[in-house]
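Notes follow the structure.
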Amino acid sequence: MARVTVQAIADRLGISKFAVSRALSGHSGVSDATRAAVVEMAEALGYIPRARAAAPVHVEILYHDLRSMYRELWSHVQAGAQMEGAKRGVTTTARWTDDPGLIAQLAAETDGIMLIGPHGDDMLDAVRTSGLPCVRIGGPLPPLEPMDHVAGADREGSARLAAHLASAGHRRFIYVHGQSGLAGRILRCEALRDFAETVEGMEVEEIGFSEDSAAVEFRQAMEALFARSYQPTAYVCGNDMVAVMVMSELMRMGISVPQQAAVTGFGDYTVASQMSPGITTVRVPYQKMGIAALRLLASRIGPDGIVNDLPPQRLGLIGELVIRGSTERSRDG
Numbered sequence: 461m462a463r464v465t466v467q468a469i470a471d472r473l474g475i476s477k478f479a480v481s482r483a484l485s486g487h488s489g490v491s492d493a494t495r496a497a498v499v500e501m502a503e504a505l506g507y508i509p510r511a512r513a514a515a516p517v518h519v520e521i522l523y524h525d526l527r528s529m530y531r532e533l534w535s536h537v538q539a540g541a542q543m544e545g546a547k548r549g550v551t552t553t554a555r556w557t558d559d560p561g562l563i564a565q566l567a568a569e570t571d572g573i574m575l576i577g578p579h580g581d582d583m584l585d586a587v588r589t590s591g592l593p594c595v596r597i598g599g600p601l602p603p604l605e606p607m608d609h610v611a612g613a614d615r616e617g618s619a620r621l622a623a624h625l626a627s628a629g630h631r632r633f634i635y636v637h638g639q640s641g642l643a644g645r646i647l648r649c650e651a652l653r654d655f656a657e658t659v660e661g662m663e664v665e666e667i668g669f670s671e672d673s674a675a676v677e678f679r680q681a682m683e684a685l686f687a688r689s690y691q692p693t694a695y696v697c698g699n700d701m702v703a704v705m706v707m708s709e710l711m712r713m714g715i716s717v718p719q720q721a722a723v724t725g726f727g728d729y730t731v732a733s734q735m736s737p738g739i740t741t742v743r744v745p746y747q748k749m750g751i752a753a754l755r756l757l758a759s760r761i762g763p764d765g766i767v768n769d770l771p772p773q774r775l776g777l778i779g780e781l782v783i784r785g786s787t788e789r790s791r792d793g
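461 is the number of the first residue of the sequence shown in the working numbering; add one for each residue after it.
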């Protein structure tokens with residue numbers, strides 16, 4: 461007698477092979493009624509499941525594009541996830557795609573999804589529809605989105621930087637986003653503005669560009685501020701790479717760092733310690749973000765997932781202030 465397949469059960473019930481697979485494996489993504497119908501049909505047909513040992517837990521790590529995939533911070537996140545996966549016997553595959561249709565293709569052979577960095581709403585919709593457990597790392601989620609999220613503690617890190625600079629006497633700040641519209645940088649700018657409200661005489665301006673390395677746009681924005689007699693002494697940058705650009709351009713403009721202006725970054729990329737002067741920054745535990753995300757995702761997979769009875773979580777990992785030579789007491793008079 462031929463072996464009863466998942467496809468045979470799907471054909472009998474008029475549902476997808478994916479739905480049958482999810483129901484038989486105990487995964488989420490199908491209704492209780494569908495699960496019961498699948499189990500009943502499987503028993504009636506004499507379906508014999510494959511040994512569980514032949515199907516280890518597998519997680520897909522997805523980026524929106526190649527540029528995101530090879531950025532230093534996300535490579536550390538991925539390394540952490542893959543290291544933790546190896547310890548737990550979880551296999552991982554990293555790929556980039558802007559095609560939400562890929563989720564449905566992967567679903568039958570995938571136990572969970574990690575979305576790293578920027579992704580469109582259509583990708584979130586596709587993951588939600590699939591019913592696969594998912595953790596988003598770094599990118600924003602809509603309010604009350606029922607999906608786990610792991611990130612750095614952006615607001616706290618920015619507030620700590622601001623406090624350090626304010627304690628050195630700085631009162632005229634500028635937040636240099638670099639590329640405009642990135643969620644983490646927006647949060648950090650908001651935290652800087654909130655902190656400014658607690659310090660008498662503290663002012664904050666902000667500027668953003670088409671990309672992080674837009675030196676010409678930076679110079680033009682600064683010339684406009686100087687024309688309004690706004691001379692910042694503290695340049696708080698969206699990340700360390702933006703800080704490198706800002707320091708280089710300030711020197712070209714005849715503004716010395718740190719004697720006339722303090723510059724800070726965010727992230728503690730390799731370049732932050734290689735510059736002269738070194739860049740004061742917040743060290744974000746990117747690799748541990750990947751570890752935390754894999755652990756959280758693994759705890760959601762299968763009917764016995766240990767946090768399945770808890771609502772989705774928002775996990776923010778605390779960074780560390782790293783003080784280097786790019787900051788010094790303000791010369792504000």
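All C-beta atoms, glycine included, are put in the ideal place defined by N, C-alpha and C.
Sorted by chain position, which residues of the same chain lie with C-beta nearer than 8 Å to residue i's C-beta, five sequence neighbours on each side aside?
| i | result |
| --- | --- |
| Val717 | Met707, Leu710, Met711, Val723, Pro737 and Ser786 |
| Ala514 | With a pLDDT of only 44 at Ala514, under the threshold of 50, the placement of this residue in the model should not be trusted; the figure read from the coordinates follows. Closer than 8 Å at the Cβ level, and outside the excluded window around Ala514, lies no residue. |
| Val464 | Ala502, Leu505, Gly506, Tyr507 and Ile508 |
| Ala767 | Looking at the sequence itself, residue 767 is Val, so the reference to Ala does not match. If we look at Val767 and ignore the five residues flanking it on each side, its Cβ neighbours are Leu756, Ser759, Arg760 and Gln773. |
| Gln680 | none |
| Gly549 | Pro516 and Val517 |
Compare the beta carbon distance of residue i and residue j with 8 Å and say whether it is the shorter of the two.
| i | j | result |
| --- | --- | --- |
| His630 | Thr557 | no |
| Arg596 | Gly617 | no |
| Ala564 | Ser590 | yes |
| Ile783 | Thr730 | no |
| Asp571 | His518 | yes |
| Asp582 | Pro560 | yes |
| Glu665 | Ile634 | yes |
| Ala732 | Asp700 | yes |
| Gly598 | Ile573 | no |
| Met713 | Gly612 | no |
| Ala674 | Glu663 | no |
| Ile778 | Glu544 | no |
| Met735 | Val704 | yes |
| Pro603 | Ser528 | no |
| Thr551 | Pro593 | no |
| Ala622 | Leu652 | yes |
Measuring from the CB of residue i, is there a heavy atom of the ligand NAD at a distance below 7 Å?
| i | result |
| --- | --- |
| Leu642 | The ligand NAD is not part of this structure, which contains no ligands at all. |
For the beta strand (DSSP E) containing residue i, list its first residue and its last residue.
| i | result |
| --- | --- |
| Gln639 | Arg632 to Gln639 |
| Gly661 | First-last for Gly661: undefined, no H or E at that position. |
| Ala722 | Ala722 to Thr724 |
| Glu709 | Looking at the DSSP string, Glu709 is not in any beta strand (DSSP E); the run it does join, the alpha helix (DSSP H), is Asp700 to Arg712. |
| Arg495 | Unbroken run through Arg495 is the alpha helix (DSSP H), Asp492 to Leu505; no beta strand (DSSP E). |
Looking at the strands, I want to know which residues DSSP matches up with residue i.
| i | result |
| --- | --- |
| Leu775 | Val610 |
| Glu666 | Tyr635 |
| Thr551 | His518 |
| Glu780 | Arg743 |
| Cys594 | Ile573 |
| Tyr695 | Ile634 and Val723 |
Residue range of the alpha helix (DSSP H) that residue i falls in?
| i | result |
| --- | --- |
| Val744 | Looking at the DSSP string, Val744 is not in any alpha helix (DSSP H), and its letter there is neither H nor E. |
| Ala567 | Gly561 to Ala567 |
| Leu584 | Asp581 to Ser590 |
| Glu683 | Ala675 to Ala687 |
| Val466 | Val466 to Leu473 |
Between the Cα of residue i and the Cα atoms of the options, which residue gives the shortest distance?
| i | options | result |
| --- | --- | --- |
| Arg476 | Ala687, Phe633 and Ala568 | The sequence as given places Ser at residue 476; Arg does not occur at that position. If we check each option's Cα against that of Ser476, Ala568 comes out closest. |
| Ala619 | Leu601, Ile646, Pro600 and Pro602 | Ile646 |
| Val696 | His624, Gly641 and Leu575 | His624 |
| Ser670 | Thr551, Gln467 and Ser640 | Ser640 |
| Tyr523 | Thr553, Ala497, Met543 and Gln680 | Thr553 |
| Pro771 | Gly779, Ala613 and Arg760 | Arg760 |
| Pro600 | Leu566, Cys594 and Gly644 | Gly644 |
| Val466 | Val499, Gly668, Phe686 and Gly638 | Val499 |
| Glu650 | Ser485, Ala539 and Asp614 | Asp614 |
| Gly638 | Glu660, Ser485, Leu652 and Gly698 | Gly698 |
| Ala799 | Arg495, Val659 and Ala468 | One cannot answer for residue 799 here, as it falls past the ends of the chain, which runs 461 to 793. |
| Ile521 | Leu566, Ala493 and Glu677 | Leu566 |
| Leu685 | Phe726, Arg632, Glu660 and Leu584 | Arg632 |
Sorted by chain position, which residues of the same chain lie with C-beta nearer than 6 Å to residue i's C-beta, five sequence neighbours on each side aside?
| i | result |
| --- | --- |
| Met461 | Any reading at Met461 must be qualified, since the residue scores a pLDDT of 45, below 50, and its modelled position is unreliable; no value is offered. |
| Tyr746 | Leu533, His536 and Val537 |
| Ala852 | Limits of the chain in this structure are 461 at one end and 793 at the other, which puts residue 852 out of reach. |
| Asp728 | Thr741, Arg743 and Val782 |
| Arg512 | Residue confidence for Arg512 is low, a pLDDT of 45 falling below 50, so the modelled location carries little weight and cannot support an answer. |
With a threshold of 8 Å between beta-carbons, can residue i be considered close to chain C, or not?
| i | result |
| --- | --- |
| Thr724 | Looking for chain C here will not work: only one protein chain is present. |
Leaving out five residues on either side along the sequence, give the residues of the same chain with a beta carbon under 7 Å from the beta carbon of residue i.
| i | result |
| --- | --- |
| Ala753 | Ala541, Met574, Val595, Ile597 and Val610 |
| Pro606 | Pro772 |
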